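Engineer: Take this structure first; my questions come after.
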Ligand code: PMP
């Protein structure tokens, strides 16, 4: 049960905030009622205003690879804030962090900082259009690249009657207020399906500025790419002269130091990062080879932003990267091991309970639990037809009552951090076992 103080804040909040919150995914549509209002976080734990504590597996949608209030982050913010919050000028730390990123990512020679994944994607796609002189962009069913007009198509689960033919998905904007002109040039393709992609590229490839993909489908739970699929996608982009834009907002500094590009041996033309990059502060970037990125120079493709490259956020990004990369990138191994261990602990619990059709899919530090009759969920359509999203919400809300915080939306995922301990994993697995037994 959501505590009394959270209930009261929700009542107050909904009078002055839309649905009591500031993002559609935090309110009653996700929680089925009042969300829990959080007061503070420490390590792997979140605390709500009613004094309940939770082992947090949401980690701010992936923004907290180090966990809550990591000492290096707290110390950095305290030190830097004393020297001013934001100047909107050139900064030394801006150069330093860009150097670190360019050192780390072989496909990145230049970066441009932004604040959110949405903004970075907007700039990346404008850049791709400017660079190629082409209009069309190709995106995939179930892939999310922010809440803006040109890409907010087919990002929500749909009933099968709305899928359309696998070679020609029905294009569906996920929001009112998006004029058709905004997505007229956006082509939607089924993901993890080489033939559908080859066909779409044969038709649209020569007119496409870029193809944009998540490296791991991360907004329909966690759905990894089939072996060789992303490399084939990259080859097709090269063949048709469309830029290969890998959206690493979720996967960057999450599944490997070099994100999905490193994990799957890719050489994308454009990448965007967000979430984990800022270590909990708003930070995003667009990166690529000089030849493409130089398109963002003054007078070519415009990109502005009062809050770009904020000194607090950059200082935290720097310390976050230093922490993860120290001792030969040991932090990434810890992140991965924690995630793999939690996913495996869940599978053990599910096998022992054997009361529900339930599986767990994950890649390194990210995983998702699917209530399903399938052994694997490999694309958007399978997710829509074979994953019981309400049952997952019930599972997570019961877990919350036992002090485990997972996002109730089956379309999202859980994430490990450096702060999750073996004891946290054991406590989570124990609560999961109880919940699986209690659930109808
Ligand atoms: N791209 C992907 C792949 C994402 O998952 C998200 C956020 N869930 C975004 C872009 C947008 O990022 P932000 O919420 O920071 O705008």
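Residue numbers (full-length UniProt numbering): 1 to 440.
Even glycine gets a Cβ: it sits at the ideal position worked out from N, Cα and C.
Note that the coordinates shown come from a computational prediction; the quantities given were computed from them, not determined experimentally.
(1) If you measure from the CB of residue 247, is any heavy atom of the ligand PMP nearer than 7 angstroms?
(2) Measure the Cβ-Cβ separation of residue 125 and residue 154 and say whether it is below 8 angstroms.
(3) Within this structure, are the beta carbons of residue 329 and residue 276 separated by less than 8 angstroms?
(4) Sort 178, 139 and 127 by Cα distance to residue 148 and report the nearest one.
(5) Would you check whether the ligand FMN has a heavy atom nearer than 7 angstroms to the C-beta of residue 145?
(6) Counting along the chain, where does the beta strand (DSSP E) carrying residue 139 start and finish?
(7) Could you give the DSSP three-state label for residue 45: helix, strand or coil?
(8) Buried or exposed: where does residue 187 fall if 16 or more other Cβ atoms within 10 Å of its Cβ makes it buried?
(9) How many Å lie between residue 40 and residue 56 at the Cα?
(10) Is the stretch 227-244 close to the stretch 196-204, with three or more CB pairs under 8 angstroms?
(11) Does the beta carbon of residue 61 fall short of 7 angstroms from some heavy atom of the ligand PMP?
(12) Should residue 139 go down as buried or exposed, given a rule of 16 or more other Cβ atoms within 10 Å for buried?
(13) Is the beta carbon of residue 260 closer than 8 angstroms to that of residue 223?
(14) For residue 211, name the three-state secondary structure that DSSP assigns.
(15) Figure out for me which residue from 426, 429, 418 and 437 has the closest Cα to the Cα of residue 43.
(16) Measure the alpha-carbon distance for residue 3 versus residue 36 and round it to whole angstroms.
(17) Indicate, with yes or no, if the ligand PMP has a heavy atom lying under 7 angstroms from the CB of residue 214.
(18) My guess is that residue 436 and residue 386 are in contact by the Cβ rule of under 8 angstroms, so how many angstroms apart are they, rounded?
(19) Just confirm the distance between the C-beta atoms of residue 286 and residue 60, as a whole number of angstroms; I'd bet it's less than 8 angstroms.
(20) Looking at the structure shown, is residue 225 part of a helix, part of a strand, or coil, going by DSSP?
(21) Just mark residue 158 as buried or exposed, buried being the case when its beta carbon has 16 or more other beta carbons within 10 Å.
(22) Between which two residues does the beta strand (DSSP E) containing residue 366 stretch?
(23) Using a threshold of 7 angstroms, is the CB atom of residue 121 nearer than that to any non-hydrogen atom of the ligand PMP?
(24) Could you give the first and the last residue of the continuous alpha helix (DSSP H) run that contains residue 300?
(25) Nearest to residue 433 by alpha carbon, out of 137, 69, 353 and 117?
(26) Is there at least one non-hydrogen atom of the ligand PMP closer than 7 angstroms to the beta-carbon of residue 188?
(27) How would you call residue 52, buried or exposed, if buried means at least 16 neighbouring beta carbons within 10 angstroms?
(28) Can you say whether residue 368 is buried or exposed, counting buried as having 16 or more other CB atoms within 10 angstroms of its CB?
(29) Using 8 angstroms as the Cβ pair cut-off and three pairs as the minimum, do the stretch 83-99 and the stretch 307-315 touch?
(30) Need the endpoints of the beta strand (DSSP E) that residue 400 sits in, please.
(31) If distances are taken between C-alpha atoms only, which option among 265, 134, 342 and 116 comes closest to residue 425?
(32) When every heavy atom of the ligand PMP is checked, does at least one fall within less than 7 angstroms of the C-beta of residue 142?
(33) CB-CB under 7 angstroms to residue 363, same chain, minus the five flanking residues each way: which ones, in chain order?
(34) How should residue 9 be labelled, buried or exposed, when 16 other C-beta atoms within 10 angstroms of its C-beta is the threshold for buried?
(35) State yes or no: is the C-beta of residue 155 nearer than 7 angstroms to some heavy atom of the ligand PMP?
(36) Along the beta strand (DSSP E) that carries residue 112, what are the first and last residues, could you check?
Structural biologist: On the basis of the supplied data:
(1) yes
(2) no
(3) no
(4) 178
(5) The ligand content of the structure shown is limited to the ligand PMP, which means the ligand FMN is not among them.
(6) 136-140
(7) strand
(8) With 16 or more Cβ atoms within 10 Å of its Cβ, residue 187 is classed as buried.
(9) 12 angstroms
(10) yes
(11) yes
(12) buried
(13) no
(14) Reduced to three states, the DSSP call for residue 211 is strand.
(15) 418
(16) 7 angstroms
(17) Yes, Cβ of residue 214 sits closer than 7 angstroms to a heavy atom of the ligand PMP.
(18) So it is not a contact: roughly 19 angstroms between Cβ atoms.
(19) About 21 angstroms separates the two Cβ atoms, so there is no contact after all.
(20) coil
(21) buried
(22) 366-371
(23) yes
(24) Membership of residue 300 in any alpha helix (DSSP H) is not indicated, and neither H nor E is assigned to it by DSSP.
(25) 353
(26) Within the chosen limit of 7 angstroms, the ligand PMP does not reach the beta carbon of residue 188 with any heavy atom.
(27) buried
(28) buried
(29) yes
(30) Element bounds for residue 400: not the beta strand (DSSP E) but the alpha helix (DSSP H), 389-401.
(31) 342
(32) Residue 142: no, Cβ never under 7 angstroms from the ligand PMP.
(33) 216, 222, 224 and 255
(34) Buried, because 16 or more other Cβ atoms sit within 10 Å of the Cβ of residue 9.
(35) no
(36) 110-114
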